[in-house]
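Residue numbers (our numbering), protein chains in the order written: chain W, 21 to 530; chain S, 248 to 429.
Yeah, the Cβ is synthetic: ideal placement off N, Cα and C, and Gly gets one too.
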Amino acid sequence: MKPNSTDPVAKPTGASLPGLPLPLPLQPFVGEYRVFTVPPEAPFCDDVAFGSHCVIHAANILQDAGDSRGLLRAWFALLPVGGRLLIEVPHTFLCERELALPSRTHPGRRRLYSPAMLLDELEEALVPNTYRLRMLCDHDDDYDYASSDKRSGQQSILAVIERIERPEWELDTGELSRGVPANVSSESGRFEPVSFEPPRTRHEHVALAPRHRVIILKLDHLGDFIMGLPALEKARTVFADAEITLVVGNWNVAMARDLGLFDHVIAFDAFPRNSSEEKVDLAARIANFETTFPGIYDLAIDLRTDPDTRVFLNHLRAGLRAGIGTRAQFPFLDIFLPIDLSRMFEGAAEKKLEVHDHIALAPCRKTHHRLSYDARKPVPAGQCLVYGPYAQLTPGDYVFIPDIEIDDDGDRVLCLDIACDEISGLRLLATQDQKPQFPFCVEHPGARFEFRIHAMTDRRTPSFSYFGGRLLRRGASSVLHQSEYLALLIDLISMRVDQFGVLTEMGGSS
Amino acid sequence: MNTIVIAPYSNSSIRDWPAAHFTTLIGLLLDGWNDPDGLIRVTGTAGQRLRTNAIVRPYPSGRVQNDCGRLEWVDLVQELRNAVCVIGNNSGIAHLAGSFGVPTVCIFGGSHQRREWRPLGFQVTVLSREIGCSPCHLDHGARCPNGLACLWDISPEEVAHAVLKAIAGSTHTIGAAAPDPA
């Protein structure tokens, strides 16, 4: 792209030096324009107007500049579209003959150039697609490679940059275009997120938490107290220097004192010793609790897995509150072992496999609640008459109990089997008097369960009706021992307080 | 020479603070950092060099360096240890710097839960956005229906404030191992 001949650049407005001798390879890029030579003593050309020069020659300046990126941008800004920047720098392989700074031959040298390094700086300094590289070459005219005299011949790198009109399209940098997502107000251009509280930036850091005064609630029953002993002993070890107050039901006070682990043992009955003795008035208990424990603690721990005593933590004046449960259940907890107690026990499950999810082959008939076969209609021996429902199952132990009625009109024996992922499993013969049950095990998630009824091979197939079946999954539990839960809680508190710190919000701005 | 190391890239765009914000942040740091000779080094892989050019371009090369692809791993580790502050996303560099006890500002996007994945360390500051769609557990920024608001809406001013505060409050001895909090 040629510069506009009417552009005022033909008459430079800034300082111009008498042109330095221009290396021969650069001369074709000058054309009819006057060359503006960058003055070494004022290389940023601060008093030169933007877009004022069609050809700028910067010779032997970059290698000693503190801010080469700024210089390249400054020179580029002096060019109009179509203007050219001619750059000349010493070639480190020819001039300095060195691979790394500091330069032995040129003290004060800030950088050494190879062509790649010059190109790297150009790409770093100039916005992509605002320029094109028209030439980059080693300039070694008359360089005597046989001589050890570095001063012989040309020993530079030459580059020519042409300014171009920046296209309207953007380079794909791999980043999202901010765009206007669906939930952005077109008027404000601002994101309007669904929010549980006003959007704001959290500013958090971790801090060591003091734990000079610790209070531990162990308000449950005798067995719970016994199971909590490992955790209580661990707490004493972890908080060796702390003043620890242990709060227990009055039925556990003597044993707690006998342990000799704690500085204070205080009785508080959150609920009756025998829970069938009386109905708990929680509000009254809490009021009593606040009166009993008016002190200030650094750390308060509820050492009970069941969630019913966690509320007492919220009525203590404590720097940190710790317990078992999720943050959603107990927002006041600073340290929580996130066990959703409602999910600890994976209970037994029963599922009805409906008739309409099964497939029946002729001559079977299918209504919305029954599949039936009439023994007067012959079928090939061994043919599968009913199959399905291909229910996807999770791993576990199952029992399938089909609901079948067999009529009196045949030998009253029916062949049934089950399959998982089309691999046949247990095959049983059902009779009028004996309802079959199919125990099986699923090992892989998503296994497809199938129940099938077959025509008999060695005798007449009786009339029958099939009403679907019950699929029972054995209950499983994924639990730890109560002692382990409590010991893990103490370990977690120890890690948070002594090792990793507690994430603390320092305030933010909306 | 004191250095601030910036690691603008994680291994997923869902966790990367916008490049334009990093650019603005650098300008704010150059203005606010009480060290006129301090150096800001932007790190990444060789493949991230072109993207990083856009981040460093407006600033003097003597103050802001594009080090993408220029540091061997051992050198990078040493730079992190020597930094007065490291700024990163929810990414490995922030974890590493945090483990060294170097003042670290982690700009934590909303895709994951900061309580679960934040860098540990007593010199770590975590900036995150309270936003209703978090955590989304998406794995790529292009899938975010909300234009990565959890990252865009953490302003460069907020991050600059956190960085300068972290530097001012640092107890880290440059080049030292992580302090024993006890």
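Per-residue burial, residue i [other beta carbons within 10 Å of its own, 16 or more giving buried]
i, result
"R310 (chain S)", "buried"
"M153 (chain W)", "Here residue 153 (chain W) turns out to be Leu, not Met, going by the sequence shown. Classification of L153 (chain W): exposed, given that the 10 Å Cβ count is below 16."
"L138 (chain W)", "buried"
"M247 (chain W)", "buried"
"A202 (chain W)", "Only weak support is given to the placement of A202 (chain W): the predicted model assigns it a pLDDT of 47, under 50, and the value that follows is read from those uncertain coordinates. Exposed is the call here."
"E363 (chain S)", "exposed"
"P122 (chain W)", "exposed"
"P218 (chain W)", "exposed"
"N281 (chain S)", "exposed"
"K372 (chain W)", "exposed"
"G489 (chain W)", "buried"
"D284 (chain S)", "exposed"
"W95 (chain W)", "buried"
"C380 (chain S)", "buried"
"L70 (chain W)", "Reading the sequence as shown, one finds Phe at residue 70 (chain W) and not Leu. Exposed, by the Cβ-count rule."
"W264 (chain S)", "buried"
"Q403 (chain W)", "exposed"
"G294 (chain S)", "exposed"
"T329 (chain W)", "buried"
Expected contact under 8 Å - CB spacing of residue i and residue j to nearest Å
i, j, result
"E326 (chain S)", "R288 (chain S)", "6 Å"
"L446 (chain W)", "F484 (chain W)", "Not quite, the Cβ-Cβ distance comes to about 19 Å (not below 8 Å), so this is no contact."
"H126 (chain W)", "L98 (chain W)", "Their Cβ separation, rounded to whole angstroms, is 28 Å, which puts H126 (chain W) and L98 (chain W) out of contact at 8 Å."
"R396 (chain W)", "D431 (chain W)", "Contact flag wrong, Cβ pair sits at about 15 Å."
"R104 (chain W)", "E190 (chain W)", "At roughly 25 Å, the Cβ-Cβ gap does not stay under 8 Å, so R104 (chain W) and E190 (chain W) are not in contact."
"N300 (chain S)", "T250 (chain S)", "Not confirmed; about 19 Å, so no contact."
"F458 (chain W)", "F487 (chain W)", "Incorrect: roughly 16 Å between the Cβ atoms, too far for contact."
"E108 (chain W)", "A62 (chain W)", "E108 (chain W) to A62 (chain W), Cβ: 18 Å. No contact."
"L156 (chain W)", "P45 (chain W)", "Contact doesn't hold; Cβ gap of about 10 Å is too wide."
Cβ of residue i within 9 Å of any chain S Cβ
i, result
"A202 (chain W)", "Residue placement at A202 (chain W) is poorly supported in this model, since its pLDDT is 47, which falls under 50; the coordinates are not used for a value here."
"M476 (chain W)", "no"
"L319 (chain W)", "no"
"F259 (chain W)", "no"
"R93 (chain W)", "yes"
"F352 (chain W)", "no"
"G521 (chain W)", "yes"
"M526 (chain W)", "yes"
"T112 (chain W)", "no"
"T221 (chain W)", "yes"
"P218 (chain W)", "yes"
"S208 (chain W)", "With a pLDDT of 43 at S208 (chain W), under the threshold of 50, the predicted position of this residue should be treated as unreliable, though the coordinate-derived value follows. Closer than 9 Å: no."
Cutoff 9 Å: residue i Cβ touching any chain W Cβ
i, result
"R376 (chain S)", "yes"
"V252 (chain S)", "no"
"R207 (chain S)", "There is simply no residue 207 (chain S) to check, as chain S begins at 248 and stops at 429 in what is shown."
"S308 (chain S)", "yes"
"T372 (chain S)", "yes"
"F269 (chain S)", "no"
"A415 (chain S)", "no"
"R288 (chain S)", "no"
"N258 (chain S)", "no"
"L343 (chain S)", "no"
"N300 (chain S)", "yes"
"A330 (chain S)", "no"
"L385 (chain S)", "no"
"F347 (chain S)", "no"
"E326 (chain S)", "no"
"V410 (chain S)", "no"
"G339 (chain S)", "no"
"G335 (chain S)", "no"
"A407 (chain S)", "no"
"G379 (chain S)", "yes"
"L297 (chain S)", "yes"
"G368 (chain S)", "yes"
Distance cut-off 8 Å: residue i Cβ against heavy atoms of the ligand MG
i, result
"F420 (chain W)", "Among the components modelled here there is no ligand, and therefore nothing to report on the ligand MG."
9 Å Cβ cutoff, residue i in contact with chain C
i, result
"I401 (chain S)", "Absent here is chain C; the protein component of the structure consists of chains W and S."
Please name the residues in the stretch 57-90 of chain W whose beta-carbon is closer than 7 Å to at least one beta-carbon of chain S, in chain order.
G86, D87, S88, R89 and G90
Interface positions of the stretch 223-238 of chain W facing chain S (Cβ-Cβ less than 8 Å), listed along the chain
H223, E224, H225, V226, A227 and L228
Residues from the stretch 135-151 of chain W in contact with chain S, defined by Cβ distance under 9 Å
Residues of the stretch 135-151 of chain W whose Cβ lies closer than 9 Å to any Cβ of chain S, in chain order: D140, E141, E143, E144, A145, L146, V147 and P148.
Which residues of the stretch 310-322 of chain S have a Cβ closer than 7 Å to any Cβ of chain W? Give them in chain order.
N313
Which runs of the beta strand (DSSP E), 3 residues or longer, sit entirely within the stretch 415-470 of chain W?
416-426, 433-440, 443-451 and 458-462
Counting only runs that start and end within the stretch 217-272 of chain W, where is the beta strand (DSSP E) found for 3 or more residues in a row?
220-227, 233-238 and 263-268
At 3 residues or longer, what runs of the beta strand (DSSP E) sit wholly inside the stretch 332-391 of chain S?
332-336, 351-355 and 371-377
Taking a Cβ distance cut-off of 9 Å, strictly less, list which residues of the stretch 353-365 of chain S are near chain W, in chain order.
F355, R361, R362 and R365
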